[in-house]
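Working notes, structure below.
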Amino acid sequence: MDQISRWGAITLFTTFLFMLPGLHRLLSSYNHPNSLDIPVLGIMSHWSNNSWNPRWEAVDTYAISHGHPDTRPNAQTLQDTISASNRAGLPSHALSAAQAKFLSLHCRTANVTHALEIGTLGGYSAIWMASQNPQLHLTTIEYDEHHYKTAKRNIDRSKLSDRIEVINGAALDVLGRLREEVDSGRRPPFGFTFIDADKVNNWKYFLMAKDMSKPNSVICVDNIVRDGHLVSFNDNDSYLRGCREVVEKAGKEPGVDSVVLQTVGEKGYDGWLWAVIN
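Our numbering puts the sequence shown at residues -17 to 260.
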């Protein structure tokens, strides 16, 4: 065997050894008939970016450069929002531009005039929806005070504070107050709700949003698929349990018709629950 062949054999054998633990986990995960743990080169991909593919980001970058070029009126504001959020040390959990524009287009086609968001972060998705829809008034809830203050600055800078209401507080408490206002007629019902907060309370948020929704409105819950670990039933992580709970209970809830959409892109592999309230 020549030197090149020997090095090739060594490389192949080393790669096999490196992947062996992941293969073992993959095979052993079948002790639940619907369970699957997802190894990536022997490393558990636990709703991280381990499944991220540079091609997905390249497609997002290419497509948004044509679908929403820098010449659009809100393009600089959106970029400034991301930059300011990064400088403030906020986690990079905002939607991608493609995802945020999709929500904005939905609000336009459905002629949504009042929307609800649970989980503001730096205000990026709120600014997207409001800046694309001049008829839209959006109420967004943020628990973390630093995130809230950052979002307020971003929204003030975008000159949308007259149509984006940011409320600082625990979502369940705030939603209770909002529901009283909707029930009493002091606040209009919502035509769209976007839930992007702690996953443990997904179902509680969903039910409270449903109570405040107009007929034929949509509730969207973000980060449901979590790198495919939605179906890793051996994983008892509280966030995964919250994701499964909303998927399973939305499917049984009277007056709700739902679907889970898997997504790939610059944010990796994840997905949404998309539910229509009848």
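Heads up, the beta-carbon is just placed ideally off N, CA and C, and yes, glycines get one too. Keep in mind the model is a prediction, meaning the values are calculated, not measured.
Taking 8 Å as the cut-off, the beta carbon of residue 195 is found closer than this to the beta carbon of residue 172.
Residue environment: residue 108 is assigned as buried (16 or more neighbouring CB atoms within 10 Å of its CB, all protein chains considered). For residue 91, no beta strand (DSSP E) segment is defined; the enclosing uninterrupted segment is the alpha helix (DSSP H) at 79 to 91. In the DSSP assignment, residue 184 falls within the alpha helix (DSSP H) that extends over 184 to 193. CA-CA distance, residue 93 to residue 125, rounds to 28 Å. For the 8 Å CB-CB criterion, residue 238 and residue 255 do not form a contact.
Setting aside the 5 residues that flank it on each side, residue 43 has no residue in the same chain whose C-beta is closer than 6 Å to its C-beta.
The closest CA to that of residue 35, considering only 207, 241, 245, is found on 245. In the pairwise beta carbon analysis, the region 146 to 158 is classified as touching the region 109 to 121: at least three pairs are separated by under 8 Å.
Within the region 195 to 247, the complete alpha helix (DSSP H) segments of 4 residues or longer fall at 220 to 234, listed in chain order. Pairing residue 205 with residue 168, the inter-Cα distance amounts to about 32 Å. Just so you know, the alpha carbons of residue 72 and residue 63 end up roughly 11 Å apart. The beta carbons of residue 115 and residue 139 sit no closer together than 8 Å.
Pairing residue 153 with residue 106, the inter-Cα distance amounts to about 19 Å. Here the alpha carbons of residue 220 and residue 96 stand approximately 31 Å from one another. Contact between residue 129 and residue 103 is confirmed by a C-beta separation of about 6 Å, below the 8 Å threshold. One Cα belongs to residue 259, the other to residue 230, and the distance between them is close to 16 Å. Annotation for residue 165: the continuous alpha helix (DSSP H) segment containing it runs 153 to 165.
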